[in-house]
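Numbered according to the numbering used here, the sequence shown spans residues 140 to 480.
Presented below is the structure to which this report refers.
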Amino acid sequence: MMEKIAIYCEFDYRNRVLGEVSYELISKAFELKNQASSLCGAQFEIDAVVIADELPLECVKKAYRCGANRVILIKNRIFNAFSQTIMSAAFIEYYKHNNSRIILFPATFQGRLIAPRITTMLDTGLVADCTGVEFIVKDRELKLAPTRPTFGSELMATILSKKLPECATIRPHTFKIKEYESLEGEFVEFDYFTYPDYRIKLLKTLVDDKEDLSDFSNAKIVLCAGLGIAGNKNREYLDKLQKLAHLTGAKFACTRKLVDFNLVSRANQIGQTGSTVQADIYIGFGVSGALQHICGMKNSKTIVAINTDENAPIFDYCDYKIVYDAKVIIDELLAQLFDNE
140 MMEKIAIYCE FDYRNRVLGE VSYELISKAF ELKNQASSLC GAQFEIDAVV IADELPLECV
200 KKAYRCGANR VILIKNRIFN AFSQTIMSAA FIEYYKHNNS RIILFPATFQ GRLIAPRITT
260 MLDTGLVADC TGVEFIVKDR ELKLAPTRPT FGSELMATIL SKKLPECATI RPHTFKIKEY
320 ESLEGEFVEF DYFTYPDYRI KLLKTLVDDK EDLSDFSNAK IVLCAGLGIA GNKNREYLDK
380 LQKLAHLTGA KFACTRKLVD FNLVSRANQI GQTGSTVQAD IYIGFGVSGA LQHICGMKNS
440 KTIVAINTDE NAPIFDYCDY KIVYDAKVII DELLAQLFDN E
C-alpha cells in the first residue's frame with residue numbers, strides 16, 4: 140500500500156516564490172521515503188502542498204528535483220496573502236482527498252500558526268519545533284520519530300505520536316536542500332472555492348521597507364552580539380557591530396539576553412526560541428555559549444568565537460578561538476574598514 144508524506148510548503152507572498160524551508164522539508168521527506176523502504180519495505184509518495192493564487196514554474200521544477208512526487212497547488216484568488224483560518228480549511232480539504240500518513244510543517248511564523256490549527260481539526264498530535272526526524276520500527280510498526288530540544292536544550296526528546304496522521308514542525312535550516320536532476324513529478328491544481336465566510340478579513344497589507352526582517356535564510360556571514368559587549372545594558376557596541384555588519388554585507392544577530400533586556404529586536408535572535416542559521420561564517424562577539432543559543436548556530440560551516448573568558452562554553456563548539464576583548468576587535472575592524480576607504 141502506498142502511503143503519503145505531505146509537506147505544507149510555505150509560500151512567500153511578498154516575493155511570490157516558495158520559501159527555502161519548503162525545499163529543505165521536501166529534501167528530508169525524500170530521505171525518509173528511502174529510509175522507510177530500507178527499514179521495512181514501506182512505500183511512500185511525497186506531496187508538496189502549496190496554498191497560493193499562483194506558483195512559478197521554476198518553483199515546481201525545484202520541488203521535483205528535491206524529491207516531490209506531486210506538487211499540489213490549492214489555488215484561489217483569495218490566497219494572495221497568508222490567512223491561518225482560510226488556509227487551514229483549504230489544507231483540510233486537501234487532506235480529505237489525500238489521506239496522508241505524515242504531515243511536516245515548517246516551524247516558521249506561518250507554520251507555527253497553522254500547524255496547531257490543522258492538527259486540532261484532524262484530532263491528532265503535533266511534535267513542535269523539531270531539530271531532527273527519522274523513521275524507526277517499534278513493535279513491528281513503522282513510526283515517525285521527531286526529536287526536539289527539551290529542558291532548556293539540556294536534553295533531546297524523541298516523541299512518538301499515538302494517532303494518525305503523524306505531524307511535526309521542523310525548524311528552518313535544520314536540513315540541507317538536495318537536488319537531483321533526474322527526478323520528475325506531477326503538477327496538480329486543486330480548485331478550492333467552498334471556503335466559509337470568516338469574520339476576519341484582510342483589508343490591506345502595509346510593508347515597511349526600512350524594517351530589518353532579519354531573514355537569515357541566505358546569510359553567508361553572521362555577526363552575533365552577546366551580553367559581553369553590552370554590559371550594563373549599553374548600546375554603544377551593539378550599534379558598532381550593526382554598523383560593521385552593514386559595511387561587510389553580513390547579518391547582525393544577537394543572543395536571547397539582549398532581547399530580554401529590550402536592547403535588540405527578537406527578529407535578530409538566534410537560538411532555540413529564535414532563528415537557526417547555517418552561515419558560511421558565524422562570528423560571536425562576547426557570546427558565552429548557552430545551549431539554547433548553540434542549537435541555533437552550530438550548523439554553520441565556520442564558527443569563530445571572541446570572548447575574554449577562556450572557559451566560555453562557546454569555545455567547545457568553535458573552529459577558531461580568540462581569547463580577547465570583543466569590543467577592542469570591533470573597534471579595530473571598523474578602523475581598518477574606514478582606513479581602506
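The beta-carbon is built from N, C-alpha and C at its ideal position, and this holds for glycine as well.
State the CB to CB distance for the pair residue 397 and residue 469, rounded to an integer number of angstroms; the pair is presumed to be in contact (CB under 8 Å).
-> That belief does not hold up - the Cβ atoms of residue 397 and residue 469 are roughly 15 Å apart, past 8 Å.
Quick one: Cα of residue 193 to Cα of residue 277, how far?
-> Rounded to whole angstroms, residue 193 and residue 277 show a C-alpha spacing of 41 Å.
Three-state secondary structure assigned by DSSP to residue 205 | The answer is helix: DSSP assigns residue 205 an H, G or I state.
First and last residue of the alpha helix (DSSP H) that includes residue 165?
-> For residue 165, the enclosing alpha helix (DSSP H) covers residues 159-179.
Which residues in the same chain as residue 175 place their Cβ atom closer than 7 Å to its Cβ, once the five residues preceding and following it in sequence are excluded?
-> Leaving aside the five residues that flank residue 175 on each side, the residues in its chain whose CB is nearer than 7 Å to its CB run, in chain order, 181, 183, 274 and 281.
Once you ignore the five residues that flank residue 141 on each side, which residues in its own chain have a CB closer than 8 Å to its CB?
-> If we look at residue 141 and ignore the five residues flanking it on each side, its Cβ neighbours are 182, 183 and 184.
Assuming residue 411 and residue 434 form a contact by the criterion Cβ under 8 Å, report the distance between their Cβ atoms to the nearest whole angstrom.
-> 5 Å between Cβ atoms; contact.
Mind checking who residue 283 pairs with in its DSSP beta bridge?
-> Its beta-bridge partners are 274.
Taking the C-alpha atoms as reference points, what is the distance between residue 391 and residue 221?
-> The alpha-carbon of residue 391 is positioned some 27 Å away from that of residue 221.
Give the straight-line distance between the Cα atoms of residue 319 and residue 473, rounded to the nearest whole angstrom.
-> The C-alpha of residue 319 lies about 43 Å from the C-alpha of residue 473.
The alpha helix (DSSP H) with residue 359 in it runs from where to where?
-> Element bounds for residue 359: n/a, residue is neither H nor E.
Would you mind reading off the limits of the alpha helix (DSSP H) that contains residue 379?
-> Where residue 379 is concerned, the enclosing alpha helix (DSSP H) starts and stops at 375-387.
Candidates 283, 405 and 438: closest to residue 417 by CA position | Residue 417 has its Cα closest to that of 438, out of 283, 405 and 438.
Minimum C-alpha distance to residue 406 - residue among 454, 152, 247 and 232 | With distances taken between Cα atoms, residue 406 lies closest to 247.
Taking just the CA atoms, how far does residue 155 sit from residue 209?
-> Each residue's Cα considered, the two are about 20 Å apart.
Three CB pairs or more closer than 8 Å across the segment 287-306 and the segment 191-205 | Contact fails: fewer than three Cβ-Cβ distances are below 8 Å.
With residue 245 and residue 309 assumed to form a contact (beta carbons below 8 Å), what rounded beta-carbon distance in angstroms separates them?
-> With a Cβ gap of about 6 Å, residue 245 and residue 309 count as contacting.
For residue 463, count neighbouring Cβ atoms within 10 angstroms of its own Cβ and tell me buried if that reaches 16, exposed if not.
-> Exposed, since its Cβ has fewer than 16 Cβ neighbours within 10 Å.
Note the first and the last residue of the continuous beta strand (DSSP E) segment covering residue 234.
-> Per DSSP, residue 234 belongs to no beta strand (DSSP E); it is in the alpha helix (DSSP H), 223-236.
Euclidean distance between Cα positions of residue 162 and residue 465 = As the crow flies, the alpha-carbon of residue 162 is around 37 Å from that of residue 465.
With distances taken from CA atoms, which of 187, 445 and 173 is nearest residue 164?
-> The option with the nearest alpha carbon to residue 164 is 187.
May I have the straight-line CA-CA distance separating residue 147 from residue 386, to the nearest angstrom?
-> Straight across, the Cα-Cα distance linking residue 147 with residue 386 is about 37 Å.
Shortest alpha-carbon distance to residue 286 belongs to which of 265, 354 and 279?
-> Nearest to residue 286 by alpha-carbon distance, out of 265, 354 and 279, is 265.
Go through the segment 407-448 residue by residue and report every complete run of the beta strand (DSSP E) that reaches 3 residues or more, in order.
-> Taking 3 residues as the minimum length, the beta strand (DSSP E) runs contained wholly in the segment 407-448 are 420-424 and 441-446, in order along the chain.
Going by the beta-carbon positions, is the gap between residue 482 and residue 442 smaller than 8 Å?
-> Since the first residue of the chain shown is 140 and the last is 480, residue 482 is not available in this structure.
Could you check if residue 296 is buried or exposed, using at least 16 other CB atoms within 10 Å of its CB as the buried criterion?
-> With fewer than 16 other Cβ atoms within 10 Å, it is exposed.
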